[in-house]
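Peer 1:
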Amino acid sequence: MSLQRVGRTWLGLHVTLRDLPFGALLVAASFVPALRGNGTELGDLPTRAFDALAVLAVGTEGLSLVLRRHRPAVSLALVAAGFALDQLRGYHSLAGTALPLALISAGSHLERHRRTAVVLLSAAYPPLAVALTRLGSGTETPTGFATFYLVLAAAWGAGAWLRSTRAAEDGRREAVAAEVRAAERARIARELHDVVTHHVTAMVIQAEAARYLTADPGRLEQSLTAVSDTGRLAIADLRHLLDLLHPGHGTGPAAGAEPRTPVVGRVRTLVEQTRRAGQPVEFTEQGTPSAPAGSADLVVHRVVQESLTNALKYAHGSRTSVRIRYGGEGITVEVSTDGTGTRAAVATGGGRGLAGLRERVDVLGGEFSAGPEPDGGFTVRAHLPAGAAA
1254 MSLQRVGRTW
1264 LGLHVTLRDL
1274 PFGALLVAAS
1284 FVPALRGNGT
1294 ELGDLPTRAF
1304 DALAVLAVGT
1314 EGLSLVLRRH
1324 RPAVSLALVA
1334 AGFALDQLRG
1344 YHSLAGTALP
1354 LALISAGSHL
1364 ERHRRTAVVL
1374 LSAAYPPLAV
1384 ALTRLGSGTE
1394 TPTGFATFYL
1404 VLAAAWGAGA
1414 WLRSTRAAED
1424 GRREAVAAEV
1434 RAAERARIAR
1444 ELHDVVTHHV
1454 TAMVIQAEAA
1464 RYLTADPGRL
1474 EQSLTAVSDT
1484 GRLAIADLRH
1494 LLDLLHPGHG
1504 TGPAAGAEPR
1514 TPVVGRVRTL
1524 VEQTRRAGQP
1534 VEFTEQGTPS
1544 APAGSADLVV
1554 HRVVQESLTN
1564 ALKYAHGSRT
1574 SVRIRYGGEG
1584 ITVEVSTDGT
1594 GTRAAVATGG
1604 GRGLAGLRER
1614 VDVLGGEFSA
1624 GPEPDGGFTV
1634 RAHLPAGAAA
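All residue numbers for the sequence shown refer to the numbering used here, where the first residue is 1254 and numbers rise by one.
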């Protein structure tokens, strides 16, 4: 069995089982002859030989540590009782060191009644000091008792500091998780916006055109077929998007994912779909695409998709060109429209989508620009550097 597997098995055990070995070791060490009388000594009582009560005191102090994280209040109460018996009887066992450990654990893990625990322990300390003074030789000074109390208070404070540090780390992790969830929701919303806006826009335009083709059954059938094909593409794109949200995505046939068409094939489909909606589109490809480029392919597809959607909505019927160039420096995509729409219309209609495109390109370390041309058209350009496939 590897050490890593042993570690996972150990961490999988309940905390009481993980704390048991230390408590048992502390109890066993207390009965080692060479270590007897070397424990905590408060009150200067003469050291007494172990008897039946010593076994009770040592066992209570050491074995109660198994509850220090699961039941910190119970553990602290038992350890404190065992410590008081240990000191009043003068055993001075090594198990007496369990008290500061129990205080650290209680300060770190106790969730409720923390102030009550501090008050009760502080109130119990003066009677113990008085009892030890009466039983002992009286050589322990008030300063000694006060110093020991400060040591115990420091142990509690150390546990409280650990608790606040852990809470701050949990808060930081929760904040990071919330940011990740928000970013994921924004990404999904952006994907849905891109997919739905493009396909629905194309379907609406194709359906509107079909209204004027009732006298030409052949062209009417072509137009309705285009609407149907566009609907199927929308369903396919939404299915692939939802597959990404499925826990089993990419793990095999059960995930329900189909192989995606290479980026050039998907862009050609977008171009053909836009042509069917009545937009004259010229498509040009330069260079040879390398292996599938992952995120870069998706960004190229979305740039073309958003640009053609805006062309359909705000410059319907105007000549549009799509150019994709592959080279050693990366992928460059440019979509230009000899639009008749106003600048305000383009900025308002495509603002959300263009902002999303800019974010996508920036994430991959690319360059993005979108704006009107001097002749009244509108051009969207994006360059994705080589190595942006991750």
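Positions of the beta carbon are idealized from the N, C-alpha and C atoms, including for glycine.
With contact counted as at least three CB pairs below 8 Å, one residue from each stretch, are the stretch 1361 to 1378 and the stretch 1283 to 1294 in contact?
Peer 2: no
Peer 1: Is proline 1380 helix, strand or coil when you go by DSSP?
Peer 2: Proline 1380: helix per DSSP, three-state reduction.
Peer 1: Does DSSP put valine 1586 in a helix, a strand or coil?
Peer 2: strand
Peer 1: Roughly how many angstroms lie between the CA atoms of glutamate 1474 and threonine 1483, to the nearest whole one?
Peer 2: 14 Å
Peer 1: Could you tell me the alpha carbon to alpha carbon distance between glycine 1624 and arginine 1521, rounded to whole angstroms?
Peer 2: In a straight line, the C-alpha of glycine 1624 is about 24 Å away from that of arginine 1521.
Peer 1: Can glycine 1583 and leucine 1637 be called in contact, C-beta distance under 8 Å?
Peer 2: yes
Peer 1: Under 8 Å by Cβ, that's how I've got leucine 1279 and glycine 1335 pegged, so tell me the actual separation to the nearest angstrom.
Peer 2: Between glycine 1335 and leucine 1279 the Cβ distance is about 11 Å, and since that is not below 8 Å, they are no contact.
Peer 1: With DSSP as the reference, label valine 1534 as helix, strand or coil.
Peer 2: strand
Peer 1: Check arginine 1301 in the structure and name its three-state DSSP category.
Peer 2: coil
Peer 1: With a CB to CB cut of under 7 Å and the five nearest residues on each side skipped, what residues in its chain are close to glutamine 1257?
Peer 2: none
Peer 1: Taking all protein chains shown into account, decide if leucine 1565 is buried (16 or more other Cβ within 10 angstroms of its Cβ) or exposed.
Peer 2: Leucine 1565 is buried by the Cβ-count criterion.
Peer 1: Would you list the residues sitting across from leucine 1637 in a DSSP beta bridge?
Peer 2: Ile1584
Peer 1: Given serine 1283, which residues of its chain have a CB within under 6 Å of its CB, disregarding the five upstream and five downstream residues?
Peer 2: Val1311, Ser1346, Leu1347 and Ala1348
Peer 1: In the DSSP assignment, find the beta strand (DSSP E) that holds glycine 1624 and state where it starts and stops.
Peer 2: 1620 to 1625
Peer 1: Rounded to whole angstroms, what's the CA-CA distance from alanine 1487 to valine 1449? Just pull it up for me.
Peer 2: Spanning the two alpha carbons is a distance of roughly 7 Å.
Peer 1: Please name the residue in Ala1420, His1366, Phe1275 and Tyr1344 whose C-alpha comes closest to that of leucine 1354.
Peer 2: Cα-wise, what sits closest to leucine 1354 is Phe1275.
Peer 1: Cα-Cα, which of Glu1587, Ser1571 and Arg1572 is closest to arginine 1578?
Peer 2: Glu1587
Peer 1: Whole angstroms are fine: how far does the CA of alanine 1333 sit from the CA of phenylalanine 1303?
Peer 2: If you draw a straight line from the Cα of phenylalanine 1303 to the Cα of alanine 1333, it is about 19 Å long.
Peer 1: Considering asparagine 1563, what are the terminal residues of the alpha helix (DSSP H) in which it resides?
Peer 2: Boundaries of the alpha helix (DSSP H) around asparagine 1563: 1548 to 1567.
Peer 1: So is arginine 1434 buried or exposed if we call it buried at 16+ other beta carbons inside 10 Å?
Peer 2: exposed
Peer 1: In terms of residues, what are the limits of the alpha helix (DSSP H) holding alanine 1359?
Peer 2: 1351 to 1362
Peer 1: To the nearest angstrom, how far is it from the Cα of leucine 1388 to the Cα of serine 1317?
Peer 2: 27 Å
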